[in-house]
Structure formats: C-alpha cells, structure tokens
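Participant: Each residue of the sequence shown is one higher than the one before, counting from 256 in the numbering used here. Structure in structure tokens, see below.
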Amino acid sequence: NDNYASQTKERIKALDLQSNDYLIYNFENAQSFSAMKNYIHYGLDDKIDQLRLVIIDCYANLYELRDLDSYTDNYGLLKKLSDFAMNNAFCMILVHHTKKGNFNGQDALLGSRALSAATSGTITIEIENDFSSTATLSFNLRHLKEQLSIKKDPKGINWILNEDTEPVEDHIDENVLSIIHTLAKLPTKEIRGSCQELSAKFNYTENPKGLYRFLEKHCDTLKDNNVSFSRSRNGQKRLISLTLNDYD
Numbered sequence: 256n257d258n259y260a261s262q263t264k265e266r267i268k269a270l271d272l273q274s275n276d277y278l279i280y281n282f283e284n285a286q287s288f289s290a291m292k293n294y295i296h297y298g299l300d301d302k303i304d305q306l307r308l309v310i311i312d313c314y315a316n317l318y319e320l321r322d323l324d325s326y327t328d329n330y331g332l333l334k335k336l337s338d339f340a341m342n343n344a345f346c347m348i349l350v351h352h353t354k355k356g357n358f359n360g361q362d363a364l365l366g367s368r369a370l371s372a373a374t375s376g377t378i379t380i381e382i383e384n385d386f387s388s389t390a391t392l393s394f395n396l397r398h399l400k401e402q403l404s405i406k407k408d409p410k411g412i413n414w415i416l417n418e419d420t421e422p423v424e425d426h427i428d429e430n431v432l433s434i435i436h437t438l439a440k441l442p443t444k445e446i447r448g449s450c451q452e453l454s455a456k457f458n459y460t461e462n463p464k465g466l467y468r469f470l471e472k473h474c475d476t477l478k479d480n481n482v483s484f485s486r487s488r489n490g491q492k493r494l495i496s497l498t499l500n501d502y503d
C-alpha cells in the first residue's frame with residue numbers, strides 16, 4: 256500500500272497517539288527486519304536500555320518474507336525476531352492479518368503455523384461481523400489464556416473495555432506448561448516412556464498413574480500449542496508418546 260505511511264499517520268492523529276519522548280514511530284526503516292534492527296541498535300543507541308515495546312505493523316509486509324513459503328523458513332525468521340527481542344529485553348508485537356470467516360484464536364491467523372509455534376502466543380480481536388459494536392479480545396499465550404469483552408468507543412475509533420461484562424480467565428495448568436517446555440527443549444521435539452518415566456522428566460506434580468487422563472483432560476490446550484500424544488503397549492509395559500509438531 257503506497258499510502259500506508261500517510262494513512263497510518265492520520266490514524267495516529269485520530270487516536271491521539273502522537274510521537275513523544277516515550278513513543279517513537281519509524282516509517283523509513285520499517286520495510287525489513289534487518290533495517291529495523293539496525294535502526295534500534297544505532298538510531299536508538301542512547302535509548303535502547305529504556306526500550307520496552309516494539310510493534311511491527313505489519314508482519315506480512317516485511318521484505319524478508321517475500322521469498323518465504325515453508326514452515327521452516329518462516330520459523331527461522333520469527334526465531335531471529337524473538338531472539339533479538341529477548342537479547343535486548345523488550346516485548347515485540349507483530350501485527351498480522353486474520354482469515355475471513357468463523358475462525359477463533361490461533362486458527363484465525365493467515366499463513367504458516369510457524370507464527371504460533373515460534374512466538375509466545377497470539378492476541379486476536381474476535382468480532383461477529385463488520386458492524387458489531389462489541390467483540391472479544393482473546394489472549395492465547397503459552398502461560399495464560401484470557402478473554403476480555405471490549406466495545407467500540409462511541410467518542411472515537413478505539414476499542415475499550417466493556418465493563419458491563421465479567422472477564423473470563425483460564426490459566427494454563429503448570430503441568431501442561433512443563434510438558435510443552437520439556438518438549439521444546441528436546442532436539443527431536445518428541446518423547447516416549449511410561450507414566451512414571453515421563454512424570455519424572457516433566458516434573459509432573461500429580462499422581463503419575465493418572466498422566467494419560469491428565470493429557471486427555473487438557474488435550475485442547477495441548478493441541479493449541481501443537482502438542483499431540485498417543486498411547487501404545489510394549490509387551491506388558493504401557494507407553495505414552497508426545498510430540499511437539501511443526502505444522503504448516
């Protein structure tokens with residue numbers, strides 16, 4: 256979009272979010288990750304220690320994505336973005352497009368599943384249709400799932416909290432987090448063993464004999480985080496297999 260910069264500046268004015276000592280906009284170096292990285296390192300050299308949040312609008316327009324189609328290539332670029340943010344101790348938000356139709360959460364994201372696999376999670380605005388004045392702001396993060404009711408601000412173009420309804424929170428179980436993190440650290444991203452063996456590796460805090468029932472209970476959360484599991488028998492020994500999948 257050739258008019259992106261001017262249109263964005265107009266939206267900034269409408270939102271009353273003009274640049275100041277705590278808020279910086281950059282359009283000249285926003286077309287590629289390498290240019291943004293250089294700008295942050297050298298253009299903000301005296302302020303980089305104070306930098307807390309970087310928002311890239313929009314991820315799909317980055318120059319580096321033009322020749323990337325596969326999950327592996329997308330994951331590689333996203334890993335560089337993630338590592339850059341972590342090494343410099345700031346949060347990075349990538350604004351991205353969602354699919355048209357009745358999709359929720361991470362399933363609503365366009366493009367590769369690498370977007371959800373290589374990041375800490377997704378934040379989406381779930382709206383019934385273009386004319387709706389209310390919506391749900393959904394946080395689908397590795398450490399927390401939360402939904403907030405929001406509504407259109409009658410005095411502007413913002414979304415604001417809808418305080419007429421109660422927020423819905425669903426924290427991810429600590430044992431589920433431990434399973435995901437353990438799999439992510441393994442080179443093969445998969446593990447197999449008995450209930451007792453896996454419970455020890457996962458630091459599972461409940462009765463090891465109930466591990467498979469626990470996995471079934473939390474199957475939706477595990478699926479959201481690309482974890483699949485199955486059960487088999489090797490002689491007299493019952494085994495459970497878990498895999499952190501790389502989905503396109």
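Every residue, glycine too, gets a C-beta built ideally from N, C-alpha and C.
For A290, which of helix, strand or coil comes out of DSSP?
Facilitator: Taking the first residue of the sequence shown as 1, we reach residue 290 at position 35. It is helical.
Participant: How many Å lie between A290 and M347 at the Cα?
Facilitator: Position 35 of the sequence shown holds residue 290. Position 92 of the sequence shown holds residue 347. Rounded to the nearest angstrom, the two C-alpha atoms are 16 Å apart.
Participant: Going by DSSP, name the residue or residues bridged to K407.
Facilitator: Against the sequence shown, residue 407 aligns to sequence position 152. Answer is W414, bridged to K407.
Participant: Which first and last residues belong to the beta strand (DSSP E) in which I295 is found?
Facilitator: Taking the first residue of the sequence shown as position 1, residue 295 is located at position 40. Neither: I295 is in no beta strand (DSSP E) and is coded neither H nor E.
Participant: Please confirm if the stretch 389-400 is in contact with the stretch 370-380, defined as three or more CB-CB distances below 8 Å between the two stretches.
Facilitator: With the cut-off at 8 Å, the stretch 389-400 and the stretch 370-380 touch.
Participant: In three-state terms, what does DSSP make of I446?
Facilitator: What you label residue 446 is simply residue 191 of the sequence shown in a count that begins at 1. Of the three classes helix, strand and coil, the one that applies to I446 here is strand, per DSSP.
Participant: Flag this pair as yes or no: are the beta carbons of A373 and K334 separated by less than 8 Å?
Facilitator: Here residue 373 refers to the residue found at position 118 when the sequence shown is read from its first residue. Here residue 334 refers to the residue found at position 79 when the sequence shown is read from its first residue. Yes, the pair counts as a contact, with Cβ atoms nearer than the cut-off.
Participant: So what does T437 bridge to, in DSSP terms?
Facilitator: If you number the sequence shown from 1, residue 437 lands on position 182. For T437, which the question treats as bridged, DSSP gives no partner whatsoever.
Participant: Within 10 angstroms of the Cβ of P422, are there 16 or more other Cβ atoms? Answer buried if so, exposed if not.
Facilitator: Working through the sequence shown from its first residue, we reach residue 422 at position 167. Any reading at P422 must be qualified, since the residue scores a pLDDT of 49, below 50, and its modelled position is unreliable; no value is offered.
Participant: Run through DSSP, which three-state label would T327 get?
Facilitator: Translated into the one-based positions of the sequence shown, residue 327 becomes position 72. DSSP places T327 in helix when its eight states are reduced to three.
Participant: Count the other CB atoms, across all protein chains shown, that sit within 10 Å of the CB of N329; report buried if there are 16 or more and exposed otherwise.
Facilitator: As a first step, residue 329 is located in the sequence shown; it is residue number 74 there, counting from the start. The residue in question, N329, is buried, as its Cβ has 16 or more Cβ neighbours within 10 Å.
Participant: Let me make sure I understand the geometry here. Which of R488, L453, F288, D479 has the alpha-carbon closest to that of T437?
Facilitator: Sequence index remark: in the sequence shown, residue 437 carries index 182 (1-based). Of R488, L453, F288, D479, the residue nearest in Cα terms is L453.
Participant: Straight-line CA distance for S261 to G298?
Facilitator: Taking the first residue of the sequence shown as 1, we reach residue 261 at position 6. Taking the first residue of the sequence shown as 1, we reach residue 298 at position 43. Roughly 22 Å separates the two Cα atoms.
Participant: Residues bridged to L499 by DSSP?
Facilitator: Here residue 499 refers to the residue found at position 244 of the sequence shown. Its beta-bridge partners are V482.
Participant: To the nearest angstrom, report how far apart Q491 and K472 are at their CA atoms.
Facilitator: Locating residue 491 in the sequence shown gives position 236, counting from the first residue. Locating residue 472 in the sequence shown gives position 217, counting from the first residue. Using only the alpha carbons, I get a separation of about 25 Å.
Participant: Where does E265 sit, in a helix, a strand or coil, going by DSSP?
Facilitator: As a position in the sequence shown, residue 265 is number 10, starting the count at 1. DSSP places E265 in helix when its eight states are reduced to three.
Participant: Given a threshold of 16 other Cβ atoms within 10 Å of its Cβ, counted over all protein chains shown, does A369 qualify as buried or as exposed?
Facilitator: The residue labelled residue 369 in the question sits at position 114 within the sequence shown. Answer is buried; the Cβ neighbour count reaches 16.
Participant: Using the DSSP secondary-structure output, state which residues sit across from N281 in a beta bridge.
Facilitator: Counting from one through the sequence shown, the residue named residue 281 turns up at place 26. According to DSSP, N281 bridges with nothing at all.
Participant: Whole angstroms are fine: how far does the CA of L499 sit from the CA of N481?
Facilitator: Position 226 of the sequence shown holds residue 481. Position 244 of the sequence shown holds residue 499. The straight-line gap from Cα to Cα measures roughly 6 Å.
Participant: Helix, strand or coil for R397? Go by DSSP, reduced to three states.
Facilitator: On the sequence shown, position 142 is the one that residue 397 refers to. Coil.
Participant: Please state whether DSSP places L317 in a helix, a strand or coil.
Facilitator: Here residue 317 corresponds to residue number 62 of the sequence shown, with the count starting at 1. The answer is coil: DSSP assigns L317 none of H, G, I, E or B.
Participant: Is L336 helix, strand or coil when you go by DSSP?
Facilitator: Here residue 336 refers to the residue found at position 81 of the sequence shown. Correct three-state label for L336: helix.
Participant: Use the C-beta contact count for D385: other C-beta atoms within 10 angstroms, 16 or more gives buried, fewer gives exposed.
Facilitator: For this step, residue 385 is matched to residue 130 along the sequence shown. Per the 10 Å Cβ criterion, exposed.
Participant: Using only CA atoms, which one of A390, L306, H351 lies nearest to Y314?
Facilitator: As a working mapping, residue 314 is identified with position 59 in the sequence shown. The shortest C-alpha separation from Y314 is found at H351.
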